[in-house]
Structure formats: C-alpha cells, structure tokens
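J.:
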Amino acid sequence: MVGLLGSLVELDKAGLLDCILYLSGVSGSTWCMASLYKEPNWSTKLETVKDKIIKRLNGPAVSWGDAFDKLKEYYRKHIFSLTDIWAVMVVTEFVKEIDKHTLSDQWDHLSKDPFPIYTVIDKHCKQQGDGDPWFEISPHEAGYSLTGAFVGTSHFGSQFHKGSKKKHQPEMDMLYLQALCGSALADEEEIKKFLWEKIK
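Numbering (the numbering used here), first residue to last: 7 to 206.
1) Just curious, the beta strand (DSSP E) that T125 is in, first and last residue?
2) Alpha carbons only, please: which of P122, F74, V8 and K83 is nearest the one belonging to K58?
3) Pick out whichever of P139, I143, S164 and S144 has its Cα sitting closest to the Cα of L152.
4) Taking only the alpha-carbon atoms, compute the straight-line gap between A20 and K198 and give it to the nearest angstrom.
5) Counting along the chain, where does the alpha helix (DSSP H) carrying Y150 start and finish?
6) Is the region 93-102 touching the region 72-81, taking contact as three or more C-beta pairs under 8 Å?
7) T125 and F141 look like a contact to me (Cβ under 8 Å); what is the Cβ gap, rounded to whole Å?
8) Please work out which residues of its chain come closer than 6 Å, Cβ to Cβ, to F162, disregarding the five sequence neighbours upstream and downstream, and give them in chain order.
9) What separation, rounded to the nearest whole angstrom, lies between the Cα atoms of D24 and L88?
10) Mind checking who I244 pairs with in its DSSP beta bridge?
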C-alpha cells in the first residue's frame, strides 16, 4: 500500500503523474488505489490526499462493534466465505476503515485520474496451469482478458448460466474488493498461521 503511494508521489514530483492513463494493482497496491479513488481527481491534489491517507493509517483502528456489524452484514448475503472474514479481520486492521462504497461509485468518467484496474490472481488457474491467472476488475467490467469473458462490474458476483443472469448479487463494496484482491488469501498456510495467531 505504502509502496504504491510513495511511487505515485515521486512520479508527481517528477511531473510524470499526469502521463499515466491506467493504474493497475494487485494485493496491497489495490488498498492504496481504493483510498486514492475515494477522492475525486486525486491525481491533481496528491500531496493532500497522501496526507489524509497517512493520517488515517496512523489513526485508531476500526472498532470491534463496527467490524462485527459488517461481518453480520456479509453473513446475510447469499454466499458467505473466508473472503468476508478476511475483509473484516485483516483489511480493516491495515486500512483502518470500512469502505462501503462500490467501485462504480468511485469512478467519474470525467475524472482526470488514471483509469483504475484492480487485479486478482486466480489461484486455481495458476496452480493448475490452465487459463489466464489474472482476473481484472474495473469500474466498467470484471473478467479474464485472455478469454474475453467479462461481466459488468455491477453484476460481478451474480450467478450466470450460459450467459444469462440467474441470481442477482448486489455490487461488492470496496472493503470486500480489497480482501478479494489481497494475495495473502492465495497461500493457505499463511491463512492458517494468521487465524491461529488471532484465536490464541
């Protein structure tokens, strides 16, 4: 998270930030991107936005009550998974907020900011060596670029059968998206180690 923020600040100082058309990230970089894109036209006021992010990261943690309420909200949706738990237990611990916005909320087509592309490594494709392990999520669509299989971002998470939507799922919030993009979930041993430390 901090690495991407520092790189962008240096690009800005060098006068190169306004040359970027796309900003793509995976894992912690997506956490930085989520924080940046909460601010409309962040690229024109990066120093101020950077200071706000650093202040939040040095501030108080998300309360257990707020975290538990968010976990209950996730539990009520159609499919409850480890990603929901990871969002509430891990992502909030690092980013110090529960971001309820959606990716669609954050993007203004008139923005001067680079177009955001959040990426996820599909661990099943990577482990089996078949297909494209990179999954892309932008404000407009989500899917695999190699195969061209995409759905509108607001439909991502819904159930489809032969190209027709069978069950609608509301668009994921940014907290869940940050958990989904976190690469730590790809390592099952790290997950076990983290959870064991939390429950000791």
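Glycine included, each C-beta is placed from N, C-alpha and C at the ideal position.
T.: With the structure as the only source:
1) F121 to I127
2) V8
3) P139
4) 43 Å
5) Counting along the chain, Y150 falls outside any alpha helix (DSSP H), though it belongs to the beta strand (DSSP E) covering E147 to Y150.
6) yes
7) 7 Å
8) A148
9) 38 Å
10) Residue 244 cannot be examined here, being either before or after the span of the chain that is shown, 7 to 206.
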